[in-house]
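*Asks:* Quick one: the structure is below, and I'll ask about it shortly.
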Amino acid sequence: GGGKKFIIGDLGYQSFRNWIEDYARIKSGKYKIAADLPKQSNNQTQFGTELWFRVTNTPADWGDKLLFTTIYMWDEKLGNWEKDPIAVSDRLVWGKGKTWQHTVTVMAPKGSARETIWRKSGPSLTPGKYKVVVQLDKDGVSAKTWDAKLDDKTTIVGTGEFKASWKTGYGQMTSIDAANITRK
59 GGGKKFIIGD LGYQSFRNWI EDYARIKSGK YKIAADLPKQ SNNQTQFGTE LWFRVTNTPA
119 DWGDKLLFTT IYMWDEKLGN WEKDPIAVSD RLVWGKGKTW QHTVTVMAPK GSARETIWRK
179 SGPSLTPGKY KVVVQLDKDG VSAKTWDAKL DDKTTIVGTG EFKASWKTGY GQMTSIDAAN
239 ITRK
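See the structure below:
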């Protein structure tokens, strides 16, 4: 139950489609030498989790559209937000229920202490202060072009800060009310 799990253009679809496209290139002999292989897209290691994030009371104009969340953690030592996001997620907004929810994929810089710890003991997020950047695919760009990158200037609908304890499991979601997301 719980709605659509695989939407053309969402992060899961993009990962699966990239794998299929890559496999097709291998089978068709497109990779002749190591230099032909695709380059790493970033310096982050991703970890799937059972940490759920929810946006409640979503506006009507978000309904049934693909919503992307990028989450940043507050760095107490620096007194600022970490430069790189710590988690991402995406899924369709349930328009009728005015809700968006999904598990988050957490990320750590390759070779970092965080990556080492998560590889040993599993990924987790510490209790504390977080910021979410919310993007909305208002025009259905992702459905038309599966590997499209959304334009931050036109798709960011707002940001919000929240405190979280991050417990695993569907029944223990971390939530933010859409009213607490400052809209652009």
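Following the numbering used here, the numbering of the sequence shown begins with 59 at its first residue and continues without gaps.
Ideal Cβ placement from N, Cα and C applies to all residues, glycine included.
Please list, in chain order, all residues of the same chain as Ser233 whose beta carbon is under 6 Å from its beta carbon, the five residues on each side excluded.
*Replies:* Taking the sequence shown and counting its residues from 1, the one referred to as residue 233 is at position 175. Within the same chain, and ignoring the five residues on either side of Ser233 in sequence, the residues whose Cβ sits closer than 6 Å to its Cβ are Arg112, Thr114.
*Asks:* Relative to the C-alpha of Thr103, which residue among Lys202, Asn76, Asp197, Thr174 is closest?
*Replies:* Residue numbering aside, residue 103 sits at position 45 when the sequence shown is read from its first letter. Per the Cα distances, Thr174.
*Asks:* Once you ignore the five residues that flank Gly61 on each side, which residues in its own chain have a CB closer than 8 Å to its CB?
*Replies:* Counted from its first residue, the sequence shown places residue 61 at position 3. Excluding sequence neighbours, Gly61 sits near Arg149, Leu150, Trp152.
*Asks:* Taking contact to mean at least 3 C-beta pairs separated by less than 8 Å, is the segment 178-186 in contact with the segment 222-232?
*Replies:* yes
*Asks:* Please go through the same chain and pick out, in chain order, the residues whose beta-carbon is closer than 7 Å to the beta-carbon of Pro181, but skip the five residues on each side of it.
*Replies:* On the sequence shown, residue 181 is found 123 positions in, with the first residue counted as 1. Closer than 7 Å at the Cβ level, and outside the excluded window around Pro181, lie Phe105, Thr107, Val164.
*Asks:* Return the residue from the list Val146, Thr217, Lys156 that minimises the CA-CA distance to Asp122.
*Replies:* Translated into the one-based positions of the sequence shown, residue 122 becomes position 64. Per the Cα distances, Lys156.
*Asks:* Per DSSP, Arg177 forms a beta bridge with which residues?
*Replies:* Within the sequence shown, the letter at position 119 stands for residue 177. BP columns for Arg177 are empty, so no partner.
*Asks:* If you draw a straight line from the alpha carbon of Lys63 to that of Leu109, how long is it in whole angstroms?
*Replies:* The count along the sequence shown starts at 1 and reaches residue 63 at position 5. The count along the sequence shown starts at 1 and reaches residue 109 at position 51. Cα to Cα, the separation comes out at about 16 Å.
*Asks:* Could you give the distance in angstroms between the alpha-carbon of Asp142 and the alpha-carbon of Lys154?
*Replies:* What you label residue 142 is simply residue 84 of the sequence shown in a count that begins at 1. What you label residue 154 is simply residue 96 of the sequence shown in a count that begins at 1. Their backbone Cα atoms lie some 33 Å apart in a straight line.
*Asks:* Please report the residue range of the beta strand (DSSP E) in which Thr217 lies.
*Replies:* Taking the sequence shown and counting its residues from 1, one reaches residue 217 at position 159. It spans 214-222 - the beta strand (DSSP E) in which Thr217 sits, taken as one unbroken run.
*Asks:* Is Glu108 helix, strand or coil when you go by DSSP?
*Replies:* Counting from 1 along the sequence shown, the entry for residue 108 is found at position 50. Strand.
*Asks:* With which residues is Gln102 paired in a DSSP beta bridge?
*Replies:* The residue labelled residue 102 in the question sits at position 44 within the sequence shown. BP columns for Gln102 point to Pro167.
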